[in-house]
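Right, one structure below, let's go through it.
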Amino acid sequence: MTLLKTTAAALAMLPFAAFAQTAEDEIVVTASGFAQPRSETGQAIDIVDRDRLDQLQSATIAEALQTVPGVSIATRGGLGGQSSAFIRGGSSAQTLVLIDGVRINDLSSPNGAFDFGALMTGNIGRVEILRGPNSVIWGSQAIGGVVNVQSIAPVNGFEGRMGAEYGAYDTKRLNANLAGSGGVLEGSVGGSFVNSDGISALAGGTERDGYDNLTGNARLKVNLSDNVRFDFRSYYNRATVEYDSAFGVGANALPVSRNRQFVGYVGANFELLDGRLQNRIAYTRTDIKRVGTDPVAFSFNNFNVRGAIDRAEYHAAFDLNDALTLVAGAEYERSFASTSFEGAAPDIARNDLGSGFGQMILRPVSGLTVTAGVRHDVYDDYGGQTTVGGNAAFSPNDGQTTFRVTYGEGFRAPTLTEGQPPYGNLDLKPETARNFDLGVEHQFLGSKAQIFATYFNRRSNDLIAYSSVTFQSENIDKVTSKGLEAGVNLTPIDNLSLEASYTLVDAINRTAGANFGKRQTLRPQDSVSLTADWKTPFGLSVGSSLLWIGDGFDDAANTVRLDGYALVGLRASMPLTDALEIYSRIDNLLDADYTVVAGYNSFGRNATMGIRAKF
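Heads up: the sequence shown runs through residues 72 to 686, numbered per the working numbering.
Quick look at the structure:
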C-alpha cells in the first residue's frame with residue numbers, strides 16, 4: 072500500500088515539469104556489449120559524462136553515482152574509506168564494475184564486491200550505469216546492475232586536460248590527460264594524484280586517517296584499415312589508506328592498507344560482410360593486491376591478499392538485415408585468490424570458467440525493438456548456470472515517448488573465499504534473481520522537457536551469507552526488492568538546468584526466521600537528488616545540490632537505526648580564458664551531523680578551490 076501511495080504521489084508531481092531538458096539518443100554498451108542507441112534497449116541505463124562530472128565538481132565516482140536514480144552509496148569514514156554501491160536494493164556484491172570494459176570486482180575480498188573508495192574522477196571520461204540484472208551479457212554479479220567506468224577516450228586532433236585543487240583536511244588533487252590522433256594511431260594517456268590528511272574513520276577519534284592515491288590510465292587504437300583495429304587499454308591505481316577497524320584498538324588505531332589495482336586489455340576488432348559482421352577478440356587481465364599492517368594490534372589488520380582474473384573472449388554482432396541483429400559470444404576465465412593473515416602461509420584458491428551466450432535484437436516495426444537472450448556458464452567448483460532475459464523498447468511518436476519493459480535474470484557465483492576451503496563451503500549454490508521493469512519516458516515542449524518513471528520488482532534466492540552456526544557461508548537468504556525511480560529534467564530558461572529524481576526501494580528479507588520482514592542493511596527506503604545549475608550572462612556558472620537520504624538500518628534485525636539526513640552543496644566556476652577556468656565548492660553547507668554507517672565518521676562543512684585547463 073505504501074508503494075502504491077508513493078508511486079501515485081510521484082507520478083502526480085510529474086505534470087508540473089513544464090520545462091525540461093531532453094536527453095539525446097546516446098550510445099550505450101552495457102545492454103549488449105556492443106555500441107547501440109539507448110532508444111533500442113528496454114533496460115534502464117544512465118550516463119554521467121565528463122561535462123557532468125565537471126559541472127558537479129564530483130571528487131569521486133561514488134559522489135557522482137549518488138545523483139543517479141536507484142543507486143545508494145555507503146562510505147566508511149572519510150576519503151578513501153571503503154565505499155559500497157547498492158543498486159535497487161541489491162547488495163554491493165551484486166553490482167558488477169568494469170573499468171574500460173574489464174571486470175575489476177575484487178576476488179580477494181570475501182564477497183567479491185568492488186570498493187569505490189579509490190575511484191577518483193580525475194581522468195574519467197564517462198560512467199555508464201545499467202540498473203537491473205543483465206547476466207546474459209555480463210555473467211556473474213550482474214544482479215543489481217552494471218557500472219562501466221571509462222577513462223578519457225582518444226579524440227580527433229589533439230586535446231589536453233589539466234586540473235589542480237586544494238581543500239579542507241589539507242586535501243590536494245592533481246590530474247592531467249593528453250589525447251589525440253594521427254595517421255593510424257589514436258591514443259589517450261593520463262595520471263592523477265590525491266593526498267589528504269583526512270578525518271578519523273571511526274566516530275569519536277582524534278587521530279586523523281590520511282589517504283594517498285596515484286592513478287594512471289592509457290588507451291591506444293591502431294587502425295590498420297577501415298575494418299581492422301587493434302585496441303590496448305590499461306588502468307593502474309595505487310592507494311595507501313589509513314583506517315580504524317573493529318579488529319584494532321578503537322578510533323585512534325593505526326592500521327594501514329596498501330592497495331594496488333591493475334586492469335589491462337588487448338583486443339582486435341574486425342568487420343566482415345561490408346561491416347555487417349562485427350568481431351571482437353580480447354584478452355583481459357585484472358590484478359588486485361592489498362597488504363595490511365597494524366603496528367599496535369595483532370589482528371586481521373595484518374594481511375596479504377591478492378586476486379587475479381585472466382580472461383579470453385570472442386564477441387560478435389551480425390546485422391542480418393535492418394530488422395535483425397544477432398549477438399553471440401564465448402568466454403574463458405581463470406581466477407586466482409591468495410589470502411594470508413598474521414604472516415601465516417597463504418590459502419590459495421583457483422577456478423576455471425567457460426561461458427557462451429546468444430542474443431537476438433529484433434526491430435519488427437518502426438519504433439519497436441525487442442531483445443531476447445540466453446547464457447550458460449560452467450564453473451569448475453560448482454557446475455553450470457543458465458540465465459535468460461529479454462526486454463523491449465517502444466516509441467509510437469519518433470522518440471517523444473518511450474515505453475520500456477524488461478525481464479532479466481541474474482546470478483552471482485560463490486567467490487573463491489565463500490566456496491573453497493579452508494573458509495569456504497563446497498555445497499554453495501549461486502545466488503539467483505528474477506527482475507521485472509516497467510518504465511516510461513516522455514519529452515515535450517520542443518527539447519525542453521523530460522519526465523520519467525520506472526517500476527521494478529526483483530526476487531532473489533539463495534543469497535549467500537555467513538552463518539555463525541556453521542562458521543561458513545550458507546545459502547540462507549531470500550530477498551524481495553521493489554520500488555520506483557522517477558524524475559524530471561528542466562530547462563525553464565536558457566543556461567539554467569534543473570534535475571530532480573526520487574527513488575523508493577523496499578528491500579525486504581523474506582527468509583523464514585527472526586529477521587523475516589526486516590529491511591536490508593544500509594539500504595534506505597527513500598532518497599531524493601536535486602541539482603540546479605545556471606550560467607550567468609557574464610560567464611560565471613553557479614550551482615547547488617541537495618541529497619536527501621531517508622532512514623535505514625545497519626543490522627539484519629533492524630535494531631540499529633540510521634537516521635535520515637540532508638546534504639546541501641554549493642559550487643561555482645568562472646572562465647579566465649577560453650582554456651582556463653577556476654572553480655570552488657562547499658560541501659555539507661549546513662554542517663549536518665549525520666551517519667552513513669554506524670560507528671563511522673563523516674565530513675562536516677568543508678570547502679575546496681581549484682583550477683582546470685582544457686586545450
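The C-beta atom is built at its ideal place from N, Cα and C for all residues, glycine as well.
Under the assumption that LEU509 contacts ASN422 (Cβ atoms under 8 Å), give the Cβ distance between them as a whole number of angstroms.
Here residue 509 refers to the residue found at position 438 of the sequence shown. Here residue 422 refers to the residue found at position 351 of the sequence shown. At roughly 37 Å, the Cβ-Cβ gap does not stay under 8 Å, so LEU509 and ASN422 are not in contact.
What did DSSP end up calling ALA650 once you bin it into helix, strand or coil?
On the sequence shown, position 579 is the one that residue 650 refers to. Assigned with DSSP and collapsed to three states, ALA650 falls in coil, not helix or strand.
List the whole-angstrom C-beta distance separating GLN137 from SER572, where the pair is believed to meet the contact cut-off of C-beta under 8 Å.
Locating residue 137 in the sequence shown gives position 66, where the first residue counts as 1. Locating residue 572 in the sequence shown gives position 501, where the first residue counts as 1. For a cut-off of 8 Å, the C-beta gap from GLN137 to SER572 is around 10 Å, too long to register as a contact.
Distance between ALA339 and GLY203 (C-alpha atoms, nearest Å):
Residue 203 sits at position 132 when you count from the first residue of the sequence shown. Residue 339 sits at position 268 when you count from the first residue of the sequence shown. Straight-line Cα distance between these residues: approximately 30 Å.
ALA628, DSSP secondary structure in three states
Within the sequence shown, the letter at position 557 stands for residue 628. In this structure, ALA628 counts as coil in the three-state DSSP scheme.
GLN349: first and last residue of the uninterrupted beta strand (DSSP E) it sits in
For the purposes of this step, residue 349 is taken as the residue at position 278 of the sequence shown. Counting along the chain, the beta strand (DSSP E) containing GLN349 begins and ends at 348 to 364.
Which stretch, first to last residue, makes up the alpha helix (DSSP H) that contains GLY681?
Position 610 of the sequence shown, counted from the start, is the residue given in the question as residue 681. Looking at the DSSP string, GLY681 is not in any alpha helix (DSSP H); the run it does join, the beta strand (DSSP E), is 677 to 685.
Got a sec? Which residues, its chain only, sit under 7 Å from ASN566 by beta carbon, not counting five neighbours each side?
Locating residue 566 in the sequence shown gives position 495, counting from the first residue. Closer than 7 Å at the Cβ level, and outside the excluded window around ASN566, lie TRP605, LYS606.
SER539 vs GLU545 beta-carbon contact at 8 Å:
Your numbering for residue 539 matches position 468 in the sequence shown. Your numbering for residue 545 matches position 474 in the sequence shown. Not a contact, by the Cβ cut-off of 8 Å.
If ILE657 sits next to GLY675, beta carbons under 8 Å apart, how far is it from one beta carbon to the other, in whole angstroms?
On the sequence shown, residue 657 is found 586 positions in, with the first residue counted as 1. On the sequence shown, residue 675 is found 604 positions in, with the first residue counted as 1. In this structure ILE657 does not touch GLY675 by the C-beta definition: roughly 11 Å separates them, more than the 8 Å allowed.
Which of helix, strand or coil DSSP assigns to VAL436:
To locate residue 436, count along the sequence shown from 1; it is residue 365. For VAL436, the secondary structure class from DSSP, reduced to helix, strand or coil, is coil.
Per DSSP, what are the beta-bridge partners of TYR494 in this structure?
As a working note, residue 494 is residue 423 in the sequence shown. The secondary-structure analysis by DSSP pairs TYR494 with nothing; it has no beta-bridge partner.
Secondary structure at PHE587, three-state DSSP: helix, strand or coil?
Here residue 587 is taken as the residue at index 516 of the sequence shown, counted from 1. Note: PHE587 maps to coil in three-state DSSP.
If distances are taken between C-alpha atoms only, which option among ARG642, THR666, LEU647 comes closest to VAL631?
The count along the sequence shown starts at 1 and reaches residue 631 at position 560. Residue nearest to VAL631 within the set ARG642, THR666, LEU647 is THR666 (criterion: CA-CA distance).
DSSP-derived helix/strand/coil call for SER163:
Locating residue 163 in the sequence shown gives position 92, counting from the first residue. Per DSSP, reduced to three states, the secondary structure at SER163 is helical.
Alpha carbon to alpha carbon, how far is LEU499 from THR277?
Position 428 of the sequence shown, counting from 1, holds the residue named residue 499. Position 206 of the sequence shown, counting from 1, holds the residue named residue 277. C-alpha separation (whole angstroms): 43 Å.
May I ask you to report which of helix, strand or coil DSSP gives GLN471?
Within the sequence shown, residue 471 is the residue found at index 400, counting from 1. Looking at GLN471 - three-state DSSP - the assignment turns out to be coil, as it is neither helix nor strand.
Cβ distance (whole Å) where ALA164 is taken to contact GLY141 below 8 Å
Within the sequence shown, the letter at position 93 stands for residue 164. Within the sequence shown, the letter at position 70 stands for residue 141. In fact, because the Cβ distance is near 17 Å, the residues do not count as touching under 8 Å.
Going by beta-carbon coordinates alone, are ASP280 and GLY149 separated by less than 8 Å?
Start at 1 with the first residue of the sequence shown, and residue 280 comes out as number 209. Start at 1 with the first residue of the sequence shown, and residue 149 comes out as number 78. In contact: ASP280 and GLY149 (Cβ atoms closer than 8 Å).
So, with DSSP's three-state summary, where would you put GLY152?
In the sequence shown, residue 152 corresponds to position 81, counting from 1. DSSP places GLY152 in coil when its eight states are reduced to three.
Going by beta carbon distance, what residues of the same chain come within less than 8 Å of TYR403, once the five residues before and after it are set aside?
Locating residue 403 in the sequence shown gives position 332, counting from the first residue. Correct list, in chain order: ARG382, ALA383, GLU384, ASP423, LEU424, GLY425, SER426.
Are the CB atoms of PHE157 and LEU55 within a distance shorter than 8 Å?
Because the chain is modelled from 72 through 686, residue 55 falls outside the range shown and cannot be assessed.
Taking the beta strand (DSSP E) that ALA133 falls in, what are its first and last residues?
Within the sequence shown, residue 133 is the residue found at index 62, counting from 1. In the DSSP assignment, ALA133 falls outside any beta strand (DSSP E) and within the unbroken alpha helix (DSSP H) covering 132 to 136.
Taking all protein chains shown into account, decide if ASN194 is buried (16 or more other Cβ within 10 angstroms of its Cβ) or exposed.
Residue 194 sits at position 123 when you count from the first residue of the sequence shown. Buried: at least 16 other Cβ atoms inside 10 Å.
Helix, strand or coil for LEU127, going by three-state DSSP, please let me know.
The residue given as residue 127 occupies position 56 in the sequence shown. Looking at LEU127 - three-state DSSP - the assignment turns out to be helix.
Boundaries (first-last residue) of the beta strand (DSSP E) holding VAL367:
On the sequence shown, residue 367 is found 296 positions in, with the first residue counted as 1. Unbroken run through VAL367: none, as it is neither H nor E.
Does DSSP classify THR242 as helix, strand or coil?
Within the sequence shown, numbered from 1, the residue matching residue 242 stands at position 171. Under the three-state reduction of DSSP output, THR242 falls in the strand class.
Flag this pair as touching only if the segment 350 to 367 and the segment 320 to 340 have three or more C-beta atom pairs under 8 Å; answer yes or no.
These segments touch.
With a Cβ-Cβ cutoff of 8 Å, do THR582 and LYS549 count as a contact?
Taking the sequence shown and counting its residues from 1, one reaches residue 582 at position 511. Taking the sequence shown and counting its residues from 1, one reaches residue 549 at position 478. Taking 8 Å as the cut-off, the beta carbon of THR582 is found closer than this to the beta carbon of LYS549.
Could you check whether the segment 229 to 248 touches the segment 204 to 215, counting it as contact only if at least three pairs of C-beta atoms, one from each stretch, sit closer than 8 Å?
Counting C-beta pairs closer than 8 Å gives fewer than three between the segment 229 to 248 and the segment 204 to 215, which falls short of the contact rule.
Looking at C-alpha atoms only, which residue of LEU249, LEU660, GLU502 is the closest neighbour of GLY210?
Counting from one through the sequence shown, the residue named residue 210 turns up at place 139. Here the closest residue by C-alpha is GLU502.
C-alpha distance - GLN650 paired with LEU497, whole-angstrom precision:
The residue you call residue 650 lines up with position 579 of the sequence shown. The residue you call residue 497 lines up with position 426 of the sequence shown. The residue you asked about is not Gln; residue 650 is Ala in the sequence shown. The straight-line gap from Cα to Cα measures roughly 59 Å.
According to DSSP, what are the bridge partners of PHE303?
The residue labelled residue 303 in the question sits at position 232 within the sequence shown. Note: PHE303 sits in a beta bridge opposite LEU291, VAL337.
Between ALA379 and the rest of its own chain, which residues show a CB-CB distance below 6 Å, the 5 nearest in sequence each way excluded?
In the sequence shown, counting from the first residue as 1, residue 379 sits at position 308. So the list reads ASP358, PHE407, once near-sequence residues are dropped.
Look up ALA106 in the DSSP assignment and say whether it is helix, strand or coil.
Position 35 of the sequence shown, counted from the first residue, corresponds to residue 106. It is coil, neither helix nor strand.
Using a Cβ-Cβ cutoff of less than 6 Å, which residues in the same chain neighbour GLY420 once the five nearest sequence positions on both sides are dropped?
Counting from one through the sequence shown, the residue named residue 420 turns up at place 349. A small fix is needed here, since residue 420 is Ala in this sequence, not Gly. A distance below 6 Å between beta-carbons, with the five flanking residues on each side excluded, links ALA420 to the following residues of its chain, in chain order: ALA408, LEU487, GLN491.
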